[in-house]
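Everything below concerns the one structure shown next.
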Amino acid sequence: MLLPRLAAAALLSASLLTGLAGAAEPLQVPGLSSSSLLNHGDEVLASDQAFVLESLGQSAIKTGANQQQLLQLRWTIAPGYYLYRDQLKLSDAQGQPLALEIPAGETLSDAFFGTVQVFHQTLSVQAPLPPKAEQWPLQLQWQGCAQVGVCYPPQTQTISAQQLGLESAQGTTSLTSAPSSEPGWQQSLALPPSVLIGPLALPTMALAVFLALFLSQWWARRQQLRSGQPVEALLLRATLLGLLAARLTYVGWWWREYLEPLPAGLLQIIDIRDGGFNLWAGLLAALGWALWRSRGQTLLRRGTLQALAAGALILIAAHALRTWTEPQKQPLPALSLVNASAQTVDLRSYQGQPLVINLWATWCPHCRREMPVLAQAQKEHPGVRFVWINQGEDAQAVLRYLQTMQLPPDQVLLDPQQQASQHWRQRGLPSTYFYDGQGRLRSTRMGELSRASLAEHLAGISPLPAP
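Taken in order, the sequence shown gives residues -23 to -1, 1 to 444; the numbers are from mature numbering (1 follows the signal peptide of the UniProt record, and there is no 0).
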């Protein structure tokens, strides 16, 4: 009897892990090069060779006519290359633009941007130094082209106060300190949304479920050997009933989202890949069933309740560490990416509004399957900005996909270097991040989203629309 029960528990664990983690694809792009959007041969210089920014230090600090301290930036531009005047940008740590004093450039009819002003050979610009500590570090952006017809992606560099010697030099700008935003003990204990095991990215809650099932089954086996009572069989039935109750309670809570897209919504009810379970309903149902079936049998009840308690303790602790920590304000990464409309977008410009950031790729089947759900949600929630950041693919592949999937092109960003995945330390696709209007990361989802699971996350950052 032991082998069939262990096999059943293993099958149950496998199905849960498949349902909760199967929607996460490893972040790999076979056959695609993410080194550049363009490939024009070895005769074209690398961007850091074509446009050389002079090293930054105390020598970059100048004093203006009104005794205001200025940051001076100089580029040496290789022959046959030029920098765009309107692509020179400097912003602070909050994403607010800083005024750059840029000289007039040469007028040029450019194949990429039309009539523009450009600079050859050398360029020198300056900007007032921000006085407050919370405005640092600064983010500098520039972009240029080669006259042979190669246009480089926007280049960025972070400029810190330490680089410029502001904290040690006497007589320089006094940086006003802001209140500390160091994470508290609760944030230090918070579990990450996913864990990488070899090439497989698994949600931490899926691993917690597996560990809870394993521990409770092990404890039930021990109690059964001691008491001679069928503890394992009762535990397995209680677990199955608890899972069923957890799923049905979740579906009942979000019934509109499941029934609206009939008849496909009915199939989504049994598709557990969206991770839709109500933990508390499941635990109560399992406990109630175990108490009822073990009535009048003290040894059976004791062993079953102990096994249930062991598994429940792991699930409740993992749930608490994932959801009960107070979210902190986390600035968006200082990334400047090109969108599908060929415009450069600073990701920090989206601060101050509810925001959903989705990391995806055209080769990822789960990304493609959830895309209509996200696109429809953007129409239903105009107060929330959805941003789709493609990972590791070139513009041609993304534009081909957009011919079949209608997404706002100015909200689809290209990230061939996968900088967004590096910032969020995420290696599975799709991955979605939900920020509220105060810039706090409220929740994350690794794996495919259904209408119901997306509505659950949106409820945490924006009021639900009227039915």
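Backbone N, C-alpha and C fix where the C-beta goes; we use that ideal spot for every residue, glycine too.
Test item: CB-CB of residue i and residue j under 8 Å
i	j	result
Thr92	Ile54	no
Ile136	Leu106	no
Ala262	Val208	no
Gly414	Gln330	yes
Gln139	Leu30	no
Thr281	Ala197	yes
Glu347	Pro407	yes
Val102	Leu85	no
Trp113	Ala70	yes
Pro131	Val389	no
Ile291	Leu188	yes
Asp387	Gln368	no
Ala210	Trp266	no
Gln403	Met423	yes
Ala185	Ala295	yes
Ala23	Ala123	no
Residue i: first and last residue of the uninterrupted beta strand (DSSP E) it sits in
i	result
Ile334	332 to 337
Met423	418 to 423
Ser408	408 to 412
Leu115	115 to 119
Per-residue burial, residue i [other beta carbons within 10 Å of its own, 16 or more giving buried]
i	result
Trp231	buried
Ser158	Since pLDDT at Ser158 reaches only 46, below the 50 mark, its modelled position is unreliable, and the value read off the structure follows with that caveat. By the 10 Å Cβ count, Ser158 comes out exposed.
Ile247	exposed
Ala319	exposed
Asp323	buried
Leu202	exposed
Val125	exposed
Trp257	exposed
Gln45	exposed
Separation of residue j from residue i, as counted between CA atoms
i	j	result
residue 455	Thr381	Examination of residue 455 is not possible in this model, given that the chain is present from -23 through 444 alone.
Leu179	Gly405	8 Å
Phe411	Leu50	36 Å
Arg325	Gly41	29 Å
Thr421	Gly273	45 Å
Leu298	Glu357	31 Å
Leu276	Gln194	16 Å
Trp269	Arg278	9 Å
Thr300	Cys344	24 Å
Val361	Val127	36 Å
Gly437	Pro359	16 Å
residue 475	Ser68	Absent from the structure is residue 475, since the part of the chain shown begins at -23 and ends at 444.
Leu384	Thr409	16 Å
Leu217	Pro349	32 Å
Gly253	Leu236	15 Å
Leu190	Leu431	27 Å
Gln394	Ser271	58 Å
Val433	His97	Checking the displayed sequence, the identity of residue 433 turns out to be Glu instead of Val. Looking at the two C-alpha atoms, the distance is approximately 53 Å.
Leu212	Asp251	26 Å
Whole-number beta carbon distance between residue j and residue i, since they are thought to touch under 8 Å
i	j	result
Ile366	Ala397	5 Å
Gln120	Tyr61	5 Å
Phe363	Leu351	6 Å
Ala37	Leu75	With 8 Å as the limit, Ala37 and Leu75 do not qualify as a contact, their Cβ atoms being about 14 Å apart.
Glu234	Ala429	4 Å
Met288	Leu192	A small fix is needed here, since residue 288 is Gly in this sequence, not Met. That belief holds up - the Cβ atoms of Gly288 and Leu192 are roughly 6 Å apart, short of 8 Å.
Leu33	Leu141	6 Å
Gln328	Gly416	5 Å
Ala374	Thr339	5 Å
Residue interval of the alpha helix (DSSP H) (run including residue i)
i	result
Gln46	From DSSP, Gln46 is part of no alpha helix (DSSP H) but of the beta strand (DSSP E) over 46 to 54.
Asp392	Where Asp392 is concerned, there is no enclosing alpha helix (DSSP H), although the beta strand (DSSP E) it sits in stretches over 389 to 392.
Tyr235	232 to 236
Ala197	181 to 204
Val375	372 to 379
Gly265	256 to 270
Gly91	Premise fails: Gly91 lies in the beta strand (DSSP E), 91 to 96, not in any alpha helix (DSSP H).
Any C-beta of chain C under 8 Å from that of residue i
i	result
Ser24	Among the chains in the structure shown there is no chain C, since it carries only a single protein chain.
Residue i CB to nearest heavy atom of the ligand ZN below 7 Å
i	result
Gly424	Inclusion of the ligand ZN in the displayed structure is not the case, the ligand content being empty and no account of it being possible.
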